[in-house]
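Using UniProt numbering, the letters of the sequence shown map in sequence onto residues 1 to 131.
Where is the CB? At the ideal position from N, CA and C, for every residue including glycine.
Beneath this line is the structure, given in structure tokens, with notes to follow.
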Amino acid sequence: MTSEEVRYRLMQRLAQNPAVTQRELALEMGVSVGKINYCLRALIEKGHVKLGNFRRNPDKRHYTYLLTPAGVEAKAWATVHFLRRKRAEYETIQAEIRALQDELAALGIAPEPEQPKPATDPATATPRESP
């Protein structure tokens, strides 16, 4: 996960739950607590996040991480950039799939059929076979 993606996901998560701990963030995001701490400090220095004490918590060292108005704007721009990058990745993967399918077709091998998408209505879903 790139630093840009960590910051984006971090701001996204803080917007959902400002009282989340650094350890919880690290576990959820699959990065070290040190990386979370580094990114949080950078967001605080930029004025995108401010610290608040979680008053009802007996452990007064526990903070809430609140997005500032500048942080909300930065999160919006990070979302735009993240979406652009993911769309580009998607298009690249689609091109790779087409190239692989063409390669198989040239060899006379039929590609595996696409897996059916799961039904959204359980009443119309077909039962799975047991092994």
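- Message: My output table needs one value for Val-80: the three-state DSSP class, helix, strand or coil.
- Response: Looking at Val-80 - three-state DSSP - the assignment turns out to be helix.
- When burial is assigned at 16 or more other CB atoms within 10 Å of the CB, is Ala-90 buried or exposed? One point to set straight first is that residue 90 is Tyr, not Ala, in the sequence displayed. Exposed, since its Cβ has fewer than 16 Cβ neighbours within 10 Å.
- Item | Close beta carbons around Ser-130, own chain, < 7 Å, minus the five adjacent residues each side | Low confidence applies to Ser-130: its pLDDT is 45, below 50, so where it sits in the model is not reliable enough to give any reading.
- Message: Give me the residue from Leu-83, Glu-112 and Arg-85 with the minimum Cα distance to Ile-97.
- Response: Considering only alpha carbons, the answer is Glu-112.
- Item | Inter-stretch contact (C-beta, 8 Å, three-pair minimum) for the stretch 95–109 and the stretch 61–81 | No, the stretch 95–109 is not in contact with the stretch 61–81.
- With DSSP collapsed to three states, give me the class of Ser-130. Residue placement at Ser-130 is flagged as unreliable, the pLDDT there being 45, under the threshold of 50; the coordinate-derived value follows with that caveat. In this structure, Ser-130 counts as coil in the three-state DSSP scheme.
- What's the gap between the Cα of Pro-69 and the Cα of Lys-50? Here the alpha carbon of Pro-69 sits roughly 10 Å from the alpha carbon of Lys-50.
- Message: According to DSSP, is Thr-21 part of a helix, a strand, or is it coil?
- Response: Note: Thr-21 maps to coil in three-state DSSP.
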